[in-house]
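With the working numbering applied, the sequence shown covers 5 to 344. Note that the Cβ used here is the ideal one computed from N, Cα and C, for glycine as well. Bear in mind that the values here come from a model prediction, so they are computed numbers and not experimental data. Take a look at the structure below.
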Amino acid sequence: MRASVITETGGLDVISVEEVPAPEIDGDDVLVEVEASAVNHTDVWIRRGYEGEPPIITGIDVAGEIADVGESVDEFDAGDRVVLYPNTTYCGTCEFCNRGEITMCHDYGGLGVKTDGGHAEYVTIEAKYAEAIPDDVSCEAAAAVPSNFGTAWRGLITRADVGPSDDVLVLGASGGVGHGAVQIAAHVGATVYAATSSERKAEKLRELGVDHVIDYTERDIDEAISNLTGRRGVDVVFESIGGEMYQQAVRSLVRGGRLVTIGATEGDANQGMLRHVFWKQLEVIGATGATMGEFEDMLGAFFAGDIDPVIDQVIGLDDIPDSHERLADGAGFGKIIVQP
Numbered sequence: 005m006r007a008s009v010i011t012e013t014g015g016l017d018v019i020s021v022e023e024v025p026a027p028e029i030d031g032d033d034v035l036v037e038v039e040a041s042a043v044n045h046t047d048v049w050i051r052r053g054y055e056g057e058p059p060i061i062t063g064i065d066v067a068g069e070i071a072d073v074g075e076s077v078d079e080f081d082a083g084d085r086v087v088l089y090p091n092t093t094y095c096g097t098c099e100f101c102n103r104g105e106i107t108m109c110h111d112y113g114g115l116g117v118k119t120d121g122g123h124a125e126y127v128t129i130e131a132k133y134a135e136a137i138p139d140d141v142s143c144e145a146a147a148a149v150p151s152n153f154g155t156a157w158r159g160l161i162t163r164a165d166v167g168p169s170d171d172v173l174v175l176g177a178s179g180g181v182g183h184g185a186v187q188i189a190a191h192v193g194a195t196v197y198a199a200t201s202s203e204r205k206a207e208k209l210r211e212l213g214v215d216h217v218i219d220y221t222e223r224d225i226d227e228a229i230s231n232l233t234g235r236r237g238v239d240v241v242f243e244s245i246g247g248e249m250y251q252q253a254v255r256s257l258v259r260g261g262r263l264v265t266i267g268a269t270e271g272d273a274n275q276g277m278l279r280h281v282f283w284k285q286l287e288v289i290g291a292t293g294a295t296m297g298e299f300e301d302m303l304g305a306f307f308a309g310d311i312d313p314v315i316d317q318v319i320g321l322d323d324i325p326d327s328h329e330r331l332a333d334g335a336g337f338g339k340i341i342v343q344p
């Protein structure tokens, strides 16, 4: 089968489309013919050597049609369409796994990071990690939600306990996680603020339920939040950027506010802003991935039409190197989907 492989750490030239053996299935597995997968910043981080261990077939988010089932599988048949829960690697015995918090396990990982993923024609996975897709949902849309919308759900709903009384600011709102976060915050009734870099993106965010959009190329985000909230600040900031944005995120929070950080695409913050953290009595909350329960809750909202991923581009395996550049320059809005 054809697959996109990161062969080693390095530049775009280490991404190679190769002919590799199709995966085999064990008794509890399903073999999925991939109809759609997604490109993520994690793929870029693997290529740069920040996580994962090349060589590996990337592709965390996967949807497709079951081609074969193992002898112990009775909940699926060949021809069923499924979306896959990606966080399949964990020890199962540590203190975190024992309390159901597998995303905190030291062995945490999964598709496209620790095991071969969905940037290929086929992928195998234990049947318990597959979820049926309703007839009215496309595989392209289903492949756009697992890791990004799952992380946003965990960060906002589980970790920050966002509800109708909250004002929520989302940074990086036009990205895969960010455009999911604004919808999830709106879904639970919060007042949603979002920062972006152009009127084109701002209009898309308004269509997704954002109440107030800030163009951070024209004014500082914290200054805009101060003006919009009568100098109060927001209850929650959801951010995935780090770098210099972290300082504006902290300054945007009300006293007792919650900062949810789920990534650092621009690197670690240059300052911890501890003076603001202790004086304003802030909570700094990390979030990574989603448990199976959180994943299923998120899918329930997605299948009901309450949240809806935006697809930026649909590409082939050979176009994946270009997609890494598109992610890096922030030119798109939403998810890049791969059809093998």
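Membership of H216 in the beta strand (DSSP E) is indicated by the continuous run H216 to D219. Looking only at K205, I70 and H216, the smallest Cα-Cα distance to F337 is reached by K205. Bounds of the beta strand (DSSP E) holding V174 are D171 to V174.
Taken atom to atom, the span from the alpha-carbon of E227 to that of V254 is near 12 Å.
Secondary structure of A148 (DSSP, three-state): coil.
Secondary structure note for L303: its alpha helix (DSSP H) is the uninterrupted segment M296 to F307. A distance below 8 Å separates the beta carbons of A147 and V87. Secondary-structure assignment with DSSP links Y197 through a beta bridge to L173 and H216.
G116 is not a Cβ neighbour of V38, given a cutoff of 8 Å.
The continuous alpha helix (DSSP H) containing F282 extends over residues L278 to W283. The C-beta of S41 has 16 or more other C-beta atoms within 10 Å across all chains shown, which makes the residue buried.
Looking at A71, A294, V21 and C143, the one whose alpha-carbon comes closest to that of I129 is A71. Between the segment 132–148 and the segment 87–102, the count of C-beta pairs closer than 8 Å reaches three or more; the two stretches touch. Here V314 is not near K284, since their CB atoms are 8 Å or more apart. Nearest to D65 by alpha-carbon distance, out of G113, I106 and D30, is G113. R51 and L321 have their C-alpha atoms spaced approximately 16 Å apart. Within the DSSP secondary-structure output, R85 pairs in a beta bridge with E69. Judged by their CB atoms, I319 and V342 are nearer to each other than the 8 Å cut-off.
Under the DSSP assignment, V181 falls in the alpha helix (DSSP H) whose first and last residues are G180 to H191.
Residue state for I50 is assigned as helix, using DSSP reduced to three classes. Here N231 has no same chain residue with a Cβ atom under 7 Å from its own Cβ, once five neighbours each way along the sequence are excluded. In this chain, the alpha helix (DSSP H) harbouring E99 covers E99 to N102. A straight line joining the alpha-carbon of V149 with that of R223 spans about 31 Å. Annotation for Y126: the continuous beta strand (DSSP E) segment containing it runs Y126 to E130.
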